[in-house]
Every structure is written in C-alpha cells, then in structure tokens.
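Numbering (the numbering used here), first residue to last: 114 to 388. Just so it is clear, CB atoms sit at the ideal spot from N, CA and C, and this is done for glycine as well. Step one of this worksheet: look at the structure below.
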Amino acid sequence: MTREQLFQLIQKKKSFLCIGLDTDINKIPSYLLELDDPIFEFNKQIIDNTHKYAIAYKPNIAFYESLGTKGWTSLEKTIEYLKRFDVFTIADAKRGDIGNTSKMYAKAFLENLEFDSVTVAPYMGIDSVSPFLEYENKWVILLALTSNKGAADFQFTINQASSKRLFEEVLLTSSNWGSPNNMMYVVGATQAEMLADIRKIIPDHFLLVPGVGAQGGSLEAVAKFGLNKQCGLIVNSSRGIIFASNGEDFGQHATSKALELQQQMETILNQNGLI
C-alpha cells in the first residue's frame with residue numbers, strides 16, 4: 114500500500130484506527146476453545162465486527178509464536194482473511210538483526226505472509242533495517258519512543274555531544290535510511306507530549322501510536338501534537354476493543370468500542386480539514 118492509498122483509506126473510512134490482534138488464548142471466550150482453531154475464529158469475529166471502522170490491523174506475533182505451529186497457522190489464516198477487506202496490515206514482530214538474518218525476517222513477513230508492514234528495532238543500525246526497505250510499497254515501522262516503564266532506561270538518555278535524547282538521535286539518523294513513503298515510527302500514546310518535539314524532526318512520516326484505551330493514552334492529545342497534512346497517525350487500540358467482553362457477545366462489544374473511537378477520529382479529521 115502506498116502512502117497516498119493509505120491517506121485515501123483514512124479519508125474513506127473517516128478513521129485512523131488500528132486494532133491490535135493481541136489474541137491471548139487465555140482471555141478469549143471459553144466457548145471458542147471447543148473449535149478447531151479458536152484463535153482464528155476469535156480474530157475472524159473481531160474483524161467482521163470492526164473492519165468498517167478500522168483502517169489497519171496489527172497482529173502481535175508473540176501471541177501466535179507462543180502456540181507453536183498451531184499459532185502460526187492461525188496467523189496465516191488471519192492475514193489471508195484480512196486480504197478480503199480494505200485495510201493496512203502490520204506484523205508487530207519487532208525484529209532487527211544482522212543483515213542476512215533481517216533479510217529472512219523481511220521475507221517471512223513481507224513476502225511470504227504478505228503483510229503491508231513490519232515493526233523493526235533500530236538498535237543494530239542501518240544494515241539491520243535496510244533489508245526490510247527493499248520491498249516496493251511495503252513499510253518499515255521503526256521503534257522510536259515507547260510507552261512502557263523501561264523506556265526511561267535508555268530512550269531519554271542524553272548524548273552529551275549533541276544534547277539530544279537517544280530517541281531523537283534514532284529519529285534523526287534513521288530518517289535518512291528510508292523516506293516518508295516507506296518508513297513509519299512507533300511512538301507510544303502515553304508519550305503524547307513528546308510528539309511536538311518528534312514532529313520537528315520528522316514532520317511528514319506516519320506514526321504508529323499504541324497505548325490509546327486500556328493503557329490510558331489520550332486520543333485528543335495524540336492528535337493535537339501528532340497530526341500532519343496527511344493525518345500522519347495510525348492509532349492502535351488492542352485490549353480495549355478485542356477484550357471488551359469475554360462472553361459470546363464479544364463481537365458486538367468490539368463493534369461498540371471501535372465505533373466510539375472512529376467517531377472521535379472523524380470529529381478530529383473534520384476539525385483539521387482532512388476529510
């Protein structure tokens with residue numbers, strides 16, 4: 114999917130919502146466990162009930178890998194099912210290794226599974242990221258500033274020579290590896306106040322923003338500091354939507370939560386002249 118197609122999708126659905134398929138087999142409704150593939154059936158019902166309101170879906174690969182070959186089969190079926198809908202797909206894999214290994218990771222997610230994008234860790238530098246950038250109309254989503262408690266351990270460390278924080282150094286350096294047409298960045302919603310500083314460095318890139326909903330991030334704050342002329346935001350909600358209910362009505366509850374966020378996003382897009 115190209116950048117222009119992504120923006121058109123946002124305008125069409127009046128939304129910049131991503132739904133995280135962090136499908137924990139211990140949290141899905143118990144009646145699904147009687148089925149041959151409970152993970153896929155859960156995902157299918159979530160997708161069926163929310164695709165009108167979401168522009169993207171983000172399976173967290175760990176939840177599938179942890180189940181072995183059955184989990185990988187569920188992931189393959191999920192991504193194949195998502196191809197029926199007009200959505201952007203994100204492999205939340207957080208890969209990053211030496212070049213020849215990254216090449217295999219890129220092949221796995223962008224070629225074999227045919228995801229539109231994959232999350233990548235930048236720590237090992239350009240040669241660990243460049244193999245992911247070789248695929249036309251595919252995206253690298255680079256970790257920049259995360260919402261977890263441990264983010265403070267390294268990401269805010271100041272480089273004494275430049276007086277810049279580590280996450281700013283990551284943005285400055287990596288923005289030359291790709292372009293706003295094939296690279297995005299992960300910025301946690303609970304770090305919304307940092308978005309103003311981030312936009313000074315990368316004004317045109319899309320940002321994948323997790324943490325709205327169950328993690329307490331503010332959609333309004335994210336939009337205030339993060340929007341650009343093509344929206345530039347993909348805001349993710351996982352648990353707040355997919356686990357809104359653990360009963361047989363979980364699909365309907367997911368619909369309500371997704372619709373609620375979509376309506377808020379439509380208002381924001383209207384207020385900023387983007388639709």
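Check                                                                                                                             : Outcome
Which of helix, strand or coil DSSP assigns to residue 293                                                                        : coil
Separation of residue 213 from residue 168, as counted between CA atoms                                                           : 32 Å
Proximity below 8 Å, CB of residue 347 to CB of residue 129                                                                       : yes
Where residue 384 falls, given that 16 or more other Cβ within 10 Å makes a residue buried                                        : exposed
Cβ-based neighbour list, residue 228, same chain, cut-off 6 Å, excluding 5 preceding and 5 following                              : 202, 204, 222
Proximity below 8 Å, CB of residue 194 to CB of residue 157                                                                       : yes
Cβ-Cβ distance between residue 359 and residue 172 below 8 Å                                                                      : no
Between the CA atoms of residue 300 and residue 388 - distance to the nearest angstrom                                            : 24 Å
Beta-bridge partners of residue 230, as assigned by DSSP                                                                          : 203, 252
Nonlocal neighbours in the same chain, by C-beta distance under 6 Å from residue 122, ignoring five residues either side          : 168
Three-state secondary structure assigned by DSSP to residue 127                                                                   : coil
Limits of the unbroken beta strand (DSSP E) element including residue 347                                                         : 346–350
Where residue 133 sits in the DSSP three-state scheme                                                                             : strand
Whole-angstrom distance between residue 211 and residue 291, CA atom to CA atom                                                   : 18 Å
Cβ pair count under 8 Å reaching 3, the region 281–290 against the region 237–248                                                 : yes
Beta-carbon contacts of residue 247 that lie in its chain and below 6 Å, excluding the five residues immediately before and after : none
CB of residue 380 within 8 Å of CB of residue 163, strictly                                                                       : no
Whole-angstrom C-beta distance between residue 350 and residue 374, which should lie under 8 Å                                    : 6 Å
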